[in-house]
Amino acid sequence: MLTLFAFAYISSVWLIGGSNVCGAAMGGREDPKSDCVLTNCEKLSNDIGKAECCGNQVCTGAELCCGGQAFNPEEGTCCEVDNGHNKTAVTKGLSQKVSSCCGLKAYNELNDICCESNIAAKPGPNAKCCGKVAFDVDKQLCCGPKGSKKVVPKTSTEHRCCGYKPFNLRSQCCCTVPPESLKIESINSPCCQSALCGEKPYNISSELCCDSTVVNTTVLDASCCGKVAFDKHTHLCCGPHNNKTFLQKDSSGHVCCGHKQYNPKTECCHEMNGSLEPMQINSSSCVQNQKPSSLLICKETTFCICGSKRSSSCDKNQPKSQCCCTPERYEGVLTVYDPSAHICCDGCVTGRKPWKDQCFGQTSYCLAQSGVLCRKGTLYKYRDDGEVCSAGGTHPSPEQHYCGRELYLPEEDICCHGQRHANNGNSHCCGGEAYNISDPKKKCCAARLYNLTGQSGEKYYNCCGSLLQNIESVCCSSEFNEVLYSKKGGFGCCGHQYFNASLWSCCAGRLSPAKNQNKSINESKLLSINNLNESDLCNKMQIGTVDSVSLNSIVFRDVLEIHGRNATMTHLALPHILKTPDCCSFPKLTPGKIYFFDGKNVFADFIHDSVLQSLYFIFSKCYGP
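Per mature numbering (1 follows the signal peptide of the UniProt record, and there is no 0), the sequence shown runs over residues -18 to -1, 1 to 607.
Put into structure tokens, the structure is as follows:
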């Protein structure tokens, strides 16, 4: 069973070699800029620059292909089952950011569990499977033989199964009564005293049989280490078979390394001269012998989607990698790269030079080189006397500008991600599209532009990532994720997770098992300035860097007071303290990061890449001279 964030093979289209329907329509040509979409999906789309075939459907914008079905991973999940006949299916209404697959159906592991291809609601935070049903490990037992198990009540932590019935280890035992039946007896009964260790009888309530040797023990879950009994929570049994060593744990995290112990967080177990020895994790021996995957600490995964293809990067030192795609989605080229060390030029990644790099076409150049001009992806260098160094051809004047591969006039046009648009009131970009930011019928959600009229009569009002939230949905958001869910009673947001309040409680963006079922649900999520109404966005608001967080207050530094209506900013004296009498309702905040806030809430800007862009958005939306 797999969760496919982008299960993106495209059936019956040009991406598949042997059965290339489009290839046949093209007479064997391999040009990806073909009329593939027009040939197979003509009734659905005529824009081959913004659409791709997916079976008999069209993938557009953020959509991917799941078998022959197009879907948006922000609001659906693609699942695959490979049982000799590969099958796929899309579960709608659950983002792949928070889903897992149970066979061909997706579910949320926070509130549900998959038991033998059956999705069951968790009866408690610590739930496990008992056949096809779920049970609460803290309150129930799963008893009986394999293939015929039942869930029974668990009245204490000391109860275990005896057939289908629970018994108390402290006061009872589970006896085998001929012929092969089980019976619960008092711990002092003859049945409980009749166990044999080799040929010797022993009391199973106070003794263990270790290598045919009777050992006294008072530990409830004691284990054997050779002929010695030990508590696995406080001790270790280390070494090869028939040559064990009994050790007291230095900490709860210590594990065995040969006949010694080590802490995997600070040490590694290194083979040296035929024996295993603990060594510091930053030593040369540890680094050389560790597999790269075990050294990787994933702070943040970058997902790249170019057309129907997907790639990902999880870098220990560079968590903020970026995607490098060609402008044409149908070419399907994608690379995850580190912008501090490389530069992306028209789908190609090259090494960054000592100076600030720019790129034209598939060539990067350094601003330190004077007199550089580009025309349609070709780099031209001018000598100091103004003559063109390259031979032949016509060349544009240095006053001309390019938007992608087209000339544009900045006074008359607007350039949005390489797409040129007439600047007739369209003063802002939303992805590759341009729009009038003052138009109340337009909404830009994570580079996706929406027309707020004609939406099947429903009322759409807020952005949730690249999606629009309606009255039947809920948007849960944390610093790194915005996820849209179908609204449910008894559920609430804790960061980007939508939790069942009967299972979990939320405080400052962190979930913990619910101790009691309260009627009120404590929520905590990071709000977006993009969803503020005009009066809240355009009146006084502060922006600053979080310096420190406590139970009752947040300390900000470098604080500016913004007044969007007047397009003014004023610096405020330090320290600036925001009181938080109900700290649990505030989101999880990271010291050193910049946030917007007012007297009651803290906000983030999920749609812009810098504070300058955020301020420009606010002033453009609010200011009217």
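Beta carbons: idealized from backbone N, C-alpha and C, even for Gly. Here the structure is a predicted model, which is why all the values come from computation and not from measurement.
Leaving out five residues on either side along the sequence, give the residues of the same chain with a beta carbon under 6 Å from the beta carbon of residue i.
i: G414; result: C398, H399, Q401
i: D580; result: M523
i: P107; result: L485, P495
i: V541; result: Q524, G526, L554, H558
i: H403; result: I396, A416
i: S438; result: A caution first: S438 carries a pLDDT of 49, below 50, which makes its placement in the model too unreliable to give a value.
i: D587; result: I511, S596
i: C48; result: F(-12), C60, T70, V72
i: Y598; result: none
Quick check: is any heavy atom of the ligand ATP less than 8 Å from the C-beta of residue i?
i: C35; result: Looking for the ligand ATP in the displayed structure turns up nothing, as the structure carries no ligands at all.
Considering only residues of the same chain and omitting the five flanking positions on each side of residue i, which have a CB-CB separation below 7 Å?
i: L556; result: R539
i: V115; result: C97, A102, V133
i: N463; result: K79, H478
i: N170; result: none
i: Y467; result: S455, V456, C458, Y480
i: P392; result: H383
i: S138; result: N150
i: N482; result: N93, G472, F473
i: residue 612; result: Because the chain in this structure spans residues -18 to 607, residue 612 falls outside the shown range and cannot be described.
i: P260; result: C239, K242, Y244, E249, C251
i: G407; result: N418
How about residue i and residue j: are their beta carbons less than 9 Å apart?
i: T70; j: C84; result: no
i: V465; j: C476; result: no
i: E140; j: L151; result: yes
i: C412; j: L431; result: yes
i: S592; j: L560; result: no
i: N583; j: L509; result: yes
i: A429; j: I589; result: yes
i: N504; j: S459; result: no
i: Q262; j: E249; result: yes
i: E105; j: S77; result: As written in the sequence, residue 105 is Pro, which differs from the Glu given in the question. In this structure, S77 does not lie closer than 9 Å to P105 by Cβ.
i: H215; j: D203; result: yes
i: L92; j: L493; result: yes
i: V528; j: T572; result: yes
DSSP puts residue i in a beta bridge; with which residues?
i: H553; result: L542
i: I166; result: C156
i: V201; result: V201 is not bridged to any residue.
i: F599; result: DSSP lists no partner for F599.
i: A109; result: D118
i: G526; result: Y577
i: Y390; result: H383
i: H590; result: None, per the DSSP bridge assignment.
i: D395; result: A404
i: residue 608; result: As shown, the chain starts at -18 and ends at 607. That puts residue 608 outside it, with no answer to give.
i: P422; result: Answer is none; P422 lacks a bridge partner.
i: V210; result: C207
i: N65; result: Paired residue(s): none; N65 is not in a bridge.
i: I95; result: A102
Using only alpha-carbon positions, find the residue among the options that is nearest to residue i.
i: P148; options: A490, E388, K128, C124; result: C124
i: H67; options: H383, H324, L86; result: L86
i: Q451; options: C48, E45, E57, L46; result: E57
i: P127; options: C144, S257, S455, T572; result: C144
i: S448; options: C426, S455, C385, L258; result: C426
i: S506; options: K79, F585, S596, I453; result: F585
i: A490; options: D564, E62, D320; result: D564
i: Q595; options: H410, C35, S99, F212; result: H410
i: N225; options: I419, P573, K209; result: K209
i: G75; options: S502, K470, Y384; result: K470
i: M254; options: K497, E62, S267; result: S267
i: C155; options: S138, C174, C111; result: C174
i: P422; options: S99, N444, H324; result: N444
i: E461; options: I453, E394, K570; result: K570
i: G574; options: N548, K424, V531, C206; result: V531
Only counting the same chain, and skipping five residues up and downstream in sequence, which positions put a Cβ closer than 8 Å to that of residue i?
i: G546; result: L519, C520, N521, M523, I600, F601, K603, C604, Y605
i: A109; result: I95, A116, F117, D118, V119
i: S257; result: G240
i: G10; result: Its pLDDT being 32, under 50, G10 is placed unreliably in this model, and the value from its coordinates should be taken loosely. No residues qualify anywhere along the chain.
i: N65; result: none
key: Validate contact between the region 504 to 515 and the region 108 to 124 using beta carbons, cut 8 Å, 3 pairs   = no
task = Would you be able to state if there are at least three C-beta pairs under 8 Å between the region 237 to 250 and the region 211 to 221?
result = yes
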